[in-house]
Amino acid sequence: MQSWQACSGTSARTTDPNAFEPANTNTMRGTIMKAKWTELVAALTLAALCATPVLAEDLPEVRIGTDGGYLPWTSMTPAGELTGFDIELARLVCQRMQRSCRFTAQPWEGQIPALEQGKYDILVGGISITPERQKRLAFTQSYGNLPINFAAAKNSGLNGKSSWAELKNALVGKTVGVQSGTQSQKFMDNELKGEVNVRLYDNQDSLNLDLLAGRIDAALAGRSPWIALTGSSQGETIEILSPNLDFEQFDYLGVGVGGLMRKDTAELRKAWDVALCQLKKDGEVTRISQQWFGFDISTKADPKICGE
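In the working numbering, each number is its position in the sequence shown, counted from 1, plus 152.
This is the structure in structure tokens:
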């Protein structure tokens, strides 16, 4: 990928018709013409330099903010390194763009303010694309989609409900945990406000710990962290509750996940989307979906962006 610099400053004096007249009349005319010719050469040299392409890898690094505690989207290894589906996908996007990228872990609550203040160029980490967020910020095309679900202990008595209405009735009066600032919290505010005792958490790991310890009766989050928890040895006592809750029933939950950017970064967003189109077409998004989730969460390429 290349970016071209636009330059100005070529002197209007180079359009003088006498600039190309041979210096054969007298010494003064020759001196003047030599000066004009020197000026013309300098201007043409500057124009040539300005037309030199700037390689993408020479552009400023892309600063990526993420939550290090939302497995399998993003998490931190024991060695303190970021890993997860979104981390691997973002690295692939950066490779396709031929750009250097730097990741920084920060709790979700502070990420959007930091993005707006210019600390980051993009946020990733299972971020739902919603109309409310699109009013202030801009998203890349969607690259994955999962519903949200409640989770509880297998002996909680909350299992086996056939509809949201039935599960809602069973939750009344319970203590339910949710990560603050997420779509899951918005769901709680819209659907269960005043009917359950809500406990807020800064990150998914803390929410998991209290659910495992029985300090809360149930918890709500995206389906993916529950898949990770229930698939682990420590989470064998926990069950994902039915039904799935998604945008088809509750439109405010969004239409998938994407990278979140400021609206003034249209050029970077376009480059990011082009790379996503390529990765979807090559099957890379499907591959890492199966690696991190056990099944394909990828969404189809946006025809308006990818031209398909």
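All C-beta atoms, glycine included, are put in the ideal place defined by N, C-alpha and C.
Nothing here was measured: the structure is a model prediction, and the numbers come from that model.
Collapsing the DSSP output to three states places residue 252 in coil. Where residue 365 is concerned, there is no enclosing beta strand (DSSP E), although the alpha helix (DSSP H) around it starts and stops at 356–365. Inter-residue distance for residue 258 and residue 272 is about 11 Å (C-alpha atoms, whole angstroms).
Across the structure, residue 268 and residue 214 are spaced so that their CA atoms are roughly 15 Å apart. Residue 309 and residue 303 have their C-alpha atoms roughly 12 Å apart. With fewer than 16 neighbouring CB atoms inside 10 Å of its own CB, residue 361 falls in the exposed class. A contact between stretches requires three or more CB pairs, one per stretch, nearer than 8 Å, and the region 352–361 fails this requirement with the region 411–427.
Remark: C-beta atoms of residue 216 and residue 412 do not approach each other more closely than 8 Å. Straight-line spacing of the CA atoms in residue 339 and residue 323 works out to 14 Å. Spanning the alpha carbons of residue 350 and residue 221 requires a straight line of approximately 20 Å. Counting C-beta atoms within 10 angstroms of its own C-beta, residue 425 has 16 or more neighbours from the protein chains shown and is therefore classed as buried. Judged by DSSP in its simplified three-state form, residue 237 adopts helix. Unbroken alpha helix (DSSP H) runs of no fewer than 4 residues, entirely contained in the region 360–411, are found at 375–382, following chain order.
For residue 339, there is no enclosing beta strand (DSSP E); the residue is found in the alpha helix (DSSP H) stretching over 335–343. Of all alpha-carbon atoms in 253, 365, 396, 402, the one lying nearest the alpha-carbon of residue 315 is that of 396. Secondary structure note for residue 216: its beta strand (DSSP E) is the uninterrupted segment 214–218. Straight across, the Cα-Cα distance linking residue 431 with residue 246 is about 11 Å. Residue 391 sits away from residue 287, with the two beta carbons spaced by 8 Å or more. Looking only at 250, 401, 219, 458, the smallest Cα-Cα distance to residue 343 is reached by 401. In this chain, the beta strand (DSSP E) harbouring residue 329 covers 327–331. In this structure, residue 451 sits near residue 408, with a CB-CB distance shorter than 8 Å. At a Cβ-Cβ threshold of 8 Å, residue 218 and residue 229 do not count as neighbours. For residue 445, there is no enclosing beta strand (DSSP E); the residue is part of the alpha helix (DSSP H) that begins and ends at 436–445. Boundaries of the alpha helix (DSSP H) harbouring residue 426: 418–433, taken from the DSSP string.
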